[in-house]
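Counting in the UniProt record's numbering, the sequence shown runs from 1 upward without gaps.
Have a look at the structure below, then the notes.
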Amino acid sequence: MQTDEWSKGDGDETWKRRQRACKVCSVLKRADQARGGETTFYCSACKLKNSSKHAPASRVFLCNKVKHQSNGVATSCFEIWHKHWKDGTMIPQARRKRKLRARKPARLSGSEENGEGGSSEQSSGDSASVSPPLRRQRTRAIDDSDKD
């Protein structure tokens with residue numbers, strides 16, 4: 001599935017889908033690479049548990065492009081995660097450099113939080129009156145004691 005999170009684009013009226021790091025690309029990246037590939041696709045069936053006991057599980061973002069080889073065959077990250085790594089439980093020890101982290105899901109902003117607008121699809125054909133899709137935001141703590 002493709003994510004429903006949006007961020008502001010380069011122009012005033014442009015919006016882009018929020019990209020996340022692919023879990024397979026992050027594990028398979030070379031030592032000289034800063035980070036793995038980014039994608040807007042995730043597996044709707046898989047969930048990663050995060051470190052918080054009360055927060056829900058996180059989505060597993062996976063590339064849908066053929067980028068890597070597994071057992072000498074070019075395969076997509078989605079296939080590697082599900083078929084070769086058994087939904088992430090059988091990651092090869094040689095590749096397991098670090099622990100796969102899951103962050104708590106972003107909270108909804110605007111009317112989506114109240115359950116009013118769940119769809120990013122617009123039924124109107126008039127593109128001038130279409131408002132940009134709502135985006136998800138991460139929560140962060142702000143210390144008000146320093147603002148005097």
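Note that the Cβ used here is the ideal one computed from N, Cα and C, for glycine as well.
Since the structure is predicted, the reported quantities are computational estimates derived from the model, not experimental observations.
task: Quick one: grab the DSSP three-state call for K16.
output: In the structure shown, K16 sits in a strand (DSSP, three-state: E or B).
DSSP three-state assignment for C22, whether helix, strand or coil: Coil, per DSSP.
- prompt: Would you report the Cα separation of S9 and T39, rounded to the nearest angstrom?
  reply: This sequence places Gly at residue 9; Ser is not what is there. Going by the C-alpha atoms only, they are around 16 Å apart.
query: What's the gap between the Cα of S44 and the Cα of D12?
result: So the alpha carbons of these two residues sit roughly 32 Å apart.
message: Taking the alpha-carbon of V73 as reference, which of N64, H84 and C63 has the nearest alpha-carbon?
response: Comparing Cα-Cα distances from V73 to each of N64, H84 and C63, the minimum goes to H84.
task: Leaving aside the five residues before and after L28 along the sequence, list all residues of the same chain whose C-beta is less than 6 Å from its C-beta, in chain order.
output: Take L28, set aside five residues on each side of it, and the residues of its chain with a beta-carbon closer than 6 Å to its own are H68, in chain order.
- prompt: Rounded to the nearest angstrom, how far is the Cβ of F61 from that of K23, given a contact under 8 Å?
  reply: The beta carbons of F61 and K23 sit about 6 Å from each other, so the pair counts as a contact at 8 Å.
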